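**Student:**
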Amino acid sequence: GGGGGGNSQLPHRQATLSGHTDTVTCLTVSEAKSQCFSGSKDGTIRIWGWANGFECQHTLPVGAPVECIMTLDSWLVAGTATAGASHGFVKVWNMDSSFEQSLEGHQGSIYCLAQGGAYLFSGGDDAGIKTWQYQDDKFAPVIELKGHQSAIQVSHGRHPRGPRDPHTPPPHASPPPANV
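Our numbering puts the sequence shown at residues 928 to 1107.
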């Protein structure tokens, strides 16, 4: 527990990961690759491997401040902030090949990314959720989901007690208030 004293055991620091020149805004992990990815306002993603003592394996220039990142199998995806007169964009890399693509169309910064089925979703300042699909060796826009009244800012993480057993149904959510 973390509240009033007691016999809590905090994890011990394994390493200090340094190298970014501005605020680190997001982290994600690929357990299959034993890697941690850090995105920063300095416009880079650093790829850290923990198999050999938490070393920086690669610094990936993104081209704009990084707001969010996610990995899925061999894919790395980043959402960026606006930079100067440029709107944010989604940048996609396949870490097992030389594939790289910038997905444009948002107005403002991109704060969240998600994947479901064959689709990649991105949301941000423009209050819309862009939907992309990988087909014919590239990502293409499918549809924009509209209806939100303000920026979409979502944090995605694991349950504080660890990943949920896939055979256990999710807990029931309370119904939303009637005026939403």
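Here a beta-carbon is modelled for each residue, glycine too, at the ideal position from N, C-alpha and C.
Bear in mind the structure is a predicted one, so any value in this text is a computation, not a measurement.
Measure the alpha-carbon distance for G990 versus V951 and round it to whole angstroms.
**Tutor:** The residue you call residue 990 lines up with position 63 of the sequence shown. The residue you call residue 951 lines up with position 24 of the sequence shown. Distance between the alpha carbons of G990 and V951 is about 15 Å.
**Student:** Could you tell me if I1070 is buried or exposed, where buried requires 16 or more neighbouring beta carbons within 10 angstroms of its beta carbon?
**Tutor:** For the purposes of this step, residue 1070 is taken as residue 143 along the sequence shown, with counting starting at 1. It is exposed - the Cβ of I1070 has fewer than 16 other Cβ atoms within 10 Å.
**Student:** Can the beta-carbon of V1019 be found less than 8 Å from the beta-carbon of F981?
**Tutor:** Sequence index remark: in the sequence shown, residue 1019 carries index 92 (1-based). Sequence index remark: in the sequence shown, residue 981 carries index 54 (1-based). Cβ atoms of V1019 and F981: not closer than 8 Å.
**Student:** Rounded to whole angstroms, what is the Cα-Cα separation between L944 and H1075?
**Tutor:** Position 17 of the sequence shown, counted from the start, is the residue given in the question as residue 944. Position 148 of the sequence shown, counted from the start, is the residue given in the question as residue 1075. In a straight line, the C-alpha of L944 is about 37 Å away from that of H1075.
**Student:** Would you kindly work out how many angstroms separate the C-alpha atoms of G1044 and D969, rounded to a whole number?
**Tutor:** By 1-based counting over the sequence shown, the position of residue 1044 is 117. By 1-based counting over the sequence shown, the position of residue 969 is 42. In a straight line, the C-alpha of G1044 is about 32 Å away from that of D969.
**Student:** What separation, rounded to the nearest whole angstrom, lies between the Cα atoms of R1091 and A1012?
**Tutor:** Along the sequence shown, read from residue 1 onward, the residue named residue 1091 stands at position 164. Along the sequence shown, read from residue 1 onward, the residue named residue 1012 stands at position 85. At R1091 the pLDDT is 40, less than 50, meaning the model places this residue with poor confidence and gives no usable figure here.
**Student:** What number of angstroms, rounded off, separates the C-alpha of G1084 from the C-alpha of E958?
**Tutor:** Residue mapping note: residue 1084 aligns to position 157 of the sequence shown, counting from 1. Residue mapping note: residue 958 aligns to position 31 of the sequence shown, counting from 1. Only weak support is given to the placement of G1084: the predicted model assigns it a pLDDT of 47, under 50, and the question is left unresolved by the model.
**Student:** In three-state terms, what does DSSP make of G1003?
**Tutor:** Taking the first residue of the sequence shown as position 1, residue 1003 is located at position 76. What sits at residue 1003 in the sequence shown is Leu, not Gly. Strand, per DSSP.
**Student:** For the putative contact between M1022 and T955, defined by C-beta atoms under 8 Å, what is the C-beta separation to the nearest angstrom?
**Tutor:** For this step, residue 1022 is matched to residue 95 along the sequence shown. For this step, residue 955 is matched to residue 28 along the sequence shown. Not confirmed; about 12 Å, so no contact.
**Student:** Write down the C-beta distance between G1032 and K1057 rounded to the nearest angstrom, noting that I regard them as a contact closer than 8 Å.
**Tutor:** For the purposes of this step, residue 1032 is taken as residue 105 along the sequence shown, with counting starting at 1. For the purposes of this step, residue 1057 is taken as residue 130 along the sequence shown, with counting starting at 1. Correct: roughly 6 Å between the Cβ atoms.
**Student:** Looking only at C-alpha atoms, which of Q962, G1051, L987 and A978 sits nearest to I972?
**Tutor:** On the sequence shown, residue 972 is found 45 positions in, with the first residue counted as 1. When only C-alpha atoms are compared, the closest one is L987.
**Student:** How big is the Cα-Cα spacing for H947 and E994?
**Tutor:** Here residue 947 refers to the residue found at position 20 when the sequence shown is read from its first residue. Here residue 994 refers to the residue found at position 67 when the sequence shown is read from its first residue. Going from the Cα of H947 to the Cα of E994 covers about 14 Å.
**Student:** Can you find a CB in chain C that lies within less than 8 Å of the CB of T950?
**Tutor:** Absence of chain C from the displayed structure is noted, only one protein chain being present.
**Student:** Mind checking whether W1059 and Y1038 have CB atoms under 8 Å apart?
**Tutor:** Your numbering for residue 1059 matches position 132 in the sequence shown. Your numbering for residue 1038 matches position 111 in the sequence shown. Not a contact, by the Cβ cut-off of 8 Å.
**Student:** With 16 other CB atoms within 10 Å as the buried threshold, where does V1081 fall?
**Tutor:** In the sequence shown, counting from the first residue as 1, residue 1081 sits at position 154. Burial call: exposed.
**Student:** Nearest by alpha-carbon distance to V1004: which of A1078, Y1061 and L1072 is it?
**Tutor:** Residue numbering aside, residue 1004 sits at position 77 when the sequence shown is read from its first letter. Cα-wise, what sits closest to V1004 is Y1061.
**Student:** Considering R973, what are the terminal residues of the beta strand (DSSP E) in which it resides?
**Tutor:** For this step, residue 973 is matched to residue 46 along the sequence shown. It spans T971 to G976 - the beta strand (DSSP E) in which R973 sits, taken as one unbroken run.
**Student:** Please state the DSSP three-state secondary structure of G1084.
**Tutor:** In the sequence shown, residue 1084 corresponds to position 157, counting from 1. Here G1084 scores only 47 on pLDDT, less than 50, and its place in the model should not be relied on; the value that follows carries that caveat. Note: G1084 maps to coil in three-state DSSP.
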